[in-house]
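Q: Here it is, the structure, as structure tokens.
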């Protein structure tokens, strides 16, 4: 088995396992078993489970990132882009029966205090995510659909944090209520009064 | 040492340890050591760490509950009550340097999928918490300060979930930004237009 393949298999298995079970409930052996590679091969590629977790967060972030491009689609009104974006995320949660939540959110609550390495990566990820949302809000301000007086960066942070809170709640309630109230209220203070 | 005391010491230590370190990173021994009781005494009182976690969530909830009474203070305008309430929670997070977050939020992301027992308890807690917030919103609707057309229950869920998302974010950023954007935007869609 090529070295690169083993590392790749470990990262892919880690994304899935850490997302589903969290960091502390997952052992290195859980990951190597899921990756179908020998346990001993793990330390050829990673110094620690913590180091792998950071790589896994980065990999998950790349998936998030690939969907953020829809927030730059000039053919759709900025507010509609945002609504559709979060609707799509809600569909992902729904299709997984709300069980796993968002890996970024899960790692934020579980790992930010335990691992400075993970906290640094999560900070970068959340900043990048907010920046994409903020860019869309700025376009809405330019076309007059979003209140000109609001700080797009702070508003983007509010939207993303509120979203993460809704995902957290949906893990407990196992239903759509948190997403429905997000959709109903998160955008209401942002729209320009017509 | 009286039996009741031992059980009480274990629960108190569990609230602190589980809040700070999470469920899976905490062993029964961590808890009995923090409680300063013999490890063997644990199973005289609890069948499992899971059972203790549910008791600890309930204990934490009773602390939350004791502060929810300020949301019923008739001497303060309902919206001001809500703003002050969340300001107070932000102060608690700040005084702990944002490290531990909210135990209810932490357990929601870490444990809801792993433990049906904990999930059930968290569901009850979050419902009760929303109900207190919703009661305050209803008073604001009655006095005309909060939009009459909004569903107070859904708005309360949005406020609490958004708050939990802000707490999650503050664990990563270790600053007040998430609370500042919450304060700025969470209430803006709720106020009646004057």
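Chains as they are written, first to last, in my numbering: chain E, 1 to 194; chain A, 195 to 388. A virtual CB, placed ideally from N, CA and C, is assigned to each residue, including glycine. All values reported here derive from a predicted model rather than from experimental measurement.
#1: Residues bridged to residue 340 of chain A by DSSP?
#2: Spell out whether any CB of chain E is found under 8 Å from the CB atom of residue 199 of chain A.
#3: In chain E, what lies closer than 8 Å to residue 366 of chain A by C-beta?
#4: For the candidate residues A:229, A:329, A:295 and A:281, whose alpha-carbon lies nearest to that of residue 267 of chain A?
#5: List, in order along the chain, the chain E residues whose C-beta lies closer than 7 Å to that of residue 216 of chain A?
#6: For residue 181 of chain E, which residues in chain A fall below 8 Å Cβ to Cβ?
#7: Threshold first: 3 residues or longer. Then list the beta strand (DSSP E) segments lying entirely within the stretch 268-318 of chain A, N to C.
#8: Report yes or no: is there a C-beta of chain A within less than 8 Å of the C-beta of residue 188 of chain E?
#9: Going along the chain, which residues of its own chain have a beta-carbon closer than 7 Å to the beta-carbon of residue 169 of chain E, five neighbours each way excluded?
#10: Please report the distance separating the alpha-carbon of residue 215 of chain A from that of residue 207 of chain A.
#11: I'd like the list of long-range same chain contacts for residue 357 of chain A, defined as Cβ closer than 8 Å, with 5 residues on each side in sequence excluded.
#12: If contacts are defined as beta-carbon pairs under 8 Å, then residue 100 of chain E and residue 307 of chain A qualify, I think. What distance do you get, rounded to the angstrom?
#13: Assuming residue 71 of chain E is part of the alpha helix (DSSP H), what are its boundary residues?
#14: Rounded to the nearest angstrom, what separates residue 324 of chain A and residue 16 of chain E at their Cα positions?
#15: Who are the Cβ neighbours of residue 191 of chain E in its own chain at under 8 Å, not counting the five residues just before and after it?
A: Let's see:
#1: DSSP lists A:385 as partners of residue 340 of chain A.
#2: Closer than 8 Å: no.
#3: Going along chain E in sequence order, the residues near residue 366 of chain A (Cβ under 8 Å) are 108, 112, 119, 122, 123 and 126.
#4: Nearest of A:229, A:329, A:295 and A:281 to residue 267 of chain A, Cα basis: A:329.
#5: Within 7 Å of the CB of residue 216 of chain A, the CB atoms of chain E belong to 24 and 110, in sequence order along the chain.
#6: Here the neighbours are 348, 349, 351, 352 and 355.
#7: Listed in chain order, nothing qualifies, since the stretch 268-318 of chain A has no complete beta strand (DSSP E) run of 3 or more residues.
#8: With 8 Å as the cut-off, residue 188 of chain E counts as an interface residue toward chain A.
#9: 178.
#10: Residue 215 of chain A and residue 207 of chain A have their C-alpha atoms spaced approximately 12 Å apart.
#11: Taking residue 357 of chain A as the centre and dropping the five residues before and after it, the same chain places the C-beta of 280, 283, 376 and 380 closer than 8 Å to its C-beta, in chain order.
#12: With a Cβ gap of about 7 Å, residue 100 of chain E and residue 307 of chain A count as contacting.
#13: In the DSSP annotation of this structure, residue 71 of chain E is not part of any alpha helix (DSSP H), being labelled neither H nor E.
#14: When only Cα atoms are considered, residue 324 of chain A and residue 16 of chain E end up about 32 Å apart.
#15: So the list reads 79, 145, 146 and 147, once near-sequence residues are dropped.
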